[in-house]
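Presented below is the structure to which this report refers.
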Amino acid sequence: ADRSSSLLDYTLSVVAGLIDKSLLHRAETSTAARPQYRMLETVRAYAALELLAAGERDAALEGLAAYCAREAGAARTGLAGPSQVEWLDRVRDDLENYRATLDWLIERERAADAADIVWNLLFFWLIRARGTEALQWCERVRQLPQVPAAAEAKLLVAGSVMSYTQGQVPQA
48 ADRSSSLLDY TLSVVAGLID KSLLHRAETS TAARPQYRML ETVRAYAALE
98 LLAAGERDAA LEGLAAYCAR EAGAARTGLA GPSQVEWLDR VRDDLENYRA
148 TLDWLIERER AADAADIVWN LLFFWLIRAR GTEALQWCER VRQLPQVPAA
198 AEAKLLVAGS VMSYTQGQVP QA
């Protein structure tokens with residue numbers, strides 16, 4: 048418990064220092080209780096290079112992928128329930144994280160993990176009229192070698208739904 052407490056204290060101290068130096072700024076979000084912070088693009092690019100040079104890029108992206116998988120799993124239920132508006136906003140606020148995670152999972156040929164995220168965000172893609180983007184993710188994941196049958200089924204259904212909503216009935 049002491050170790051996790053000191054790690055949290057250290058993390059908060061580092062984040063506070065970045066905010067004080069204007070390297071992080073609070074992003075506009077729809078949920079005040081769920082603040083998000085963003086790096087300036089130049090800082091983000093530099094940090095990405097440093098992660099790569101230190102050999103820590105994959106560990107950082109693995110953490111992001113775990114976060115996105117948890118959030119997308121919760122979103123699947125939330126997007127179809129009474130808190131739908133909140134979840135639509137939460138997914139929108141995290142959309143860049145989902146995109147980065149999907150890119151990385153595809154790069155790593157982790158079709159099942161990528162398919163789960165795409166599938167769990169199905170109502171977001173539908174309601175926010177992002178069918179074209181959803182179709183692109185479905186196709187990119189389906190083109191990976193060795194896509195498990197369950198993952199392929201999710202991608203085919205999601206792709207069919209998106210095609211149908213775009214009036215592409217024969218493709219659906």
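Numbering (the numbering used here), first residue to last: 48 to 219. All C-beta atoms, glycine included, are put in the ideal place defined by N, C-alpha and C. Computed from a predicted structure; not experimentally measured.
Are there 16 or more other CB atoms within 10 angstroms of the CB of residue i, so buried, or fewer, so exposed?
i, result
"E103", "exposed"
"V188", "buried"
"L202", "buried"
"R137", "buried"
"D160", "buried"
"I66", "exposed"
"A200", "exposed"
"E118", "buried"
"L59", "exposed"
Give me the residue from the options with the minimum Cα distance to residue i.
i, options, result
"S69", "A198, Y84, D56 and G214", "Y84"
"R91", "A147, E118 and P129", "A147"
"A176", "I164, W151 and S210", "S210"
"T212", "I174, W166 and A196", "I174"
Measure the Cβ-Cβ separation of residue i and residue j and say whether it is below 8 angstroms.
i, j, result
"G206", "L168", "no"
"G178", "W184", "no"
"L135", "L126", "yes"
"A158", "A116", "no"
"E156", "L191", "yes"
"A94", "M86", "yes"
"L152", "A196", "no"
Which of helix, strand or coil does DSSP assign to residue i?
i, result
"R73", "strand"
"R175", "coil"
"R85", "strand"
"G110", "helix"
"K201", "helix"
"R91", "helix"
"S130", "coil"
Given the structure, does residue i come close to the ligand ZN, in the sense that its CB is under 7 angstroms from one of the ligand's heavy atoms?
i, result
"A198", "The ligand ZN is not part of the structure shown, which contains no ligands of any sort."
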